Amino acid sequence: MEKFEDKVRITGIGISEVGRRLMRDPVELAIDACMSAMADAGLERGDIDGLSAHPGPQTADGYSGAGVSAVEEILRVQPKWFNSSHETPGHTGAFVAAALAVAAGLCRHALVFRCTWETTAPALARDPRYNVGQSAPGRAVSGEIQSWRIPFGAYSAGNWIGMAATRHFHLYGTKREHLGAIALNARRNAALNPNAIYRDPLTMDDYLNARMISTPFGLYDCDTPCDGAVAVIVSHRDAAKDTRRPDPLRLEAAGTQVTERWSWDQGVLDHEVMLAGPAKSLWERTDLKPKDVDVAELYDGFTFNCLSWIEALGFCKRGEGGPFVEGGTRIARDGELPLNTHGGQLSGGRLQGFSFLHEACIQLWGEGGARQVPNRPQVACVSSGGGTPGGALLLARP
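Taking the numbering used here, the leading residue of the sequence shown gets 524, the next gets one more, and so forth.
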């Protein structure tokens, strides 16, 4: 099978300042990340002829800090192709779209970015200098399914995913300590990441005694909102020869399929939804197997999301995720499956999926510093999406 993945390379990455309530213009953060990625690849603005972003223009709630239009207006890169969308296979669907465009010849160097300002935006909304203090008028709940959720208090993804986690506990004997092993592993890795939000030690007692958020999730089962931006450059295989790095990374495979109900609560209820399809199509596009993966950067909007990805991607059998992560030995940096080496979103900060792609590149290039996985990895697995929809990637060294 001729694969579009074979025609592209990752040639540069960049990340902005990351923090809580930075009170910086989010577009500025996006530009910082984009300029950093261009410098990493040794490319000038005139070289960039593609732009791709998730999910779109800046939003008042902070979910998006910048879209294609804002970045193009400042960088003046005049793209031959651009893309911005919310309904994609995971947050990194913007990356897959860019790879497809590059492989098809629509552009040669595509700049892909994601920016969030989920802590500054609410702070500004509460600041009297920016808000006259009047509450928004009440309105009827509307939308596809929300009218059935909100009256019962099921407002957050934590509520919906918590029900699936509870079902997993019931069917397979999963325990809170199993989810705690994922949280503790993330914090240990974050302690070695200077960009991470939370770096203080975390014990199992701390985890178990933290306030409950939505059963069975406590405080440390939930990811950490933050401000920040990540950028990645996808280049055509031939054009990659002109970039700074001598070892641009390969995109081995992309998993994008939908096999389950799109809804959070109308399909399977014992694992995170919309993961089985991306995992299935990922392995169908490569000769590699789960045992070939040297490092895994798997989406952890909640600890259970990460456990679901571990099972869906075949690192263990379905229902055996709890015993697989128990004690944290297998998922440690020197373990069988080094997991979320930057601290994930649980401790590193919620950069909406793109931090996992960034960290996979860091590990494959051997630039992780104190958190670098031993025996420089050859293959990395990346997943993104905390529910609907999800996506998976396999990256590899040349």
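Ideal Cβ positions, reconstructed from N, Cα and C, are used throughout, including at glycine. Because the structure is a prediction, the values reported are computed rather than measured.
Enumerated in chain order, which unbroken segments of the beta strand (DSSP E) with a length of 3 residues or greater are wholly contained in the segment 762-803?
772-778
For G588, does the three-state DSSP call read helix, strand or coil?
coil
Threshold first: 4 residues or longer. Then list the alpha helix (DSSP H) segments lying entirely within the segment 605-657, N to C.
616-627, 643-649
DSSP-derived helix/strand/coil call for C884
helix
Where DSSP assigns a beta bridge to A706, which residues make up the other side?
DSSP lists no partner for A706.
Own chain partners of P771 with C-beta closer than 8 angstroms, once the 5 adjacent residues on each side are dropped
R532, I533, T534, S758, A763, P921
Can you tell me whether M797 is buried or exposed? The criterion is at least 16 other CB atoms within 10 Å of its CB, across all chains shown.
buried
Does the distance from the CB of D563 to the CB of G537 come in under 7 angstroms?
yes
G656 versus E641: straight-line alpha-carbon distance, rounded:
Since pLDDT at G656 reaches only 41, below the 50 mark, its modelled position is unreliable, and no value is offered.
Beta bridge counterpart(s) of I668 as assigned by DSSP
Answer is none; I668 lacks a bridge partner.
Among residues of its own chain, excluding the 5 on either side of R841, which ones have a beta-carbon nearer than 6 angstroms to its beta-carbon?
E834
Are there three or more Cβ pairs, one per stretch, closer than 8 angstroms when the segment 811-828 is compared with the segment 901-916?
yes
If you check the beta carbons only, do T747 and I720 fall under 7 angstroms apart?
yes
In angstroms with no decimal places, state the Cα-to-Cα distance between T615 and L821.
12 angstroms
Does DSSP classify P660 as helix, strand or coil?
The predicted model places P660 with a pLDDT of 39, which falls under 50 and marks its position as unreliable, so this point remains unresolved.
Residue environment, F528, which counts as buried when at least 16 other CB atoms sit within 10 Å:
The sequence given here places Glu at residue 528; Phe does not occur at that position. Burial call: buried.
Where G685 falls: helix, strand or coil (DSSP):
helix
Exposure of L939, with buried meaning 16 or more beta-carbon neighbours within 10 Å:
Past the edges of the chain, shown from 524 to 921, lies residue 939, and the structure says nothing about it.
Contact belief for T911 with D750 at Cβ below 8 angstroms, rounded distance in angstroms:
About 25 angstroms separates the two Cβ atoms, so there is no contact after all.
Could you check the C-alpha separation between A799 and I668 for me, to the nearest Å?
One Cα belongs to A799, the other to I668, and the distance between them is close to 23 angstroms.
How about the segment 781-797 and the segment 553-571: do they share at least three Cβ pairs that are nearer than 8 angstroms?
no
With distances taken from CA atoms, which of G681, G844, A754, R543 is nearest C884?
A754
Per DSSP, the bridge partner or partners of I533:
V757, L772
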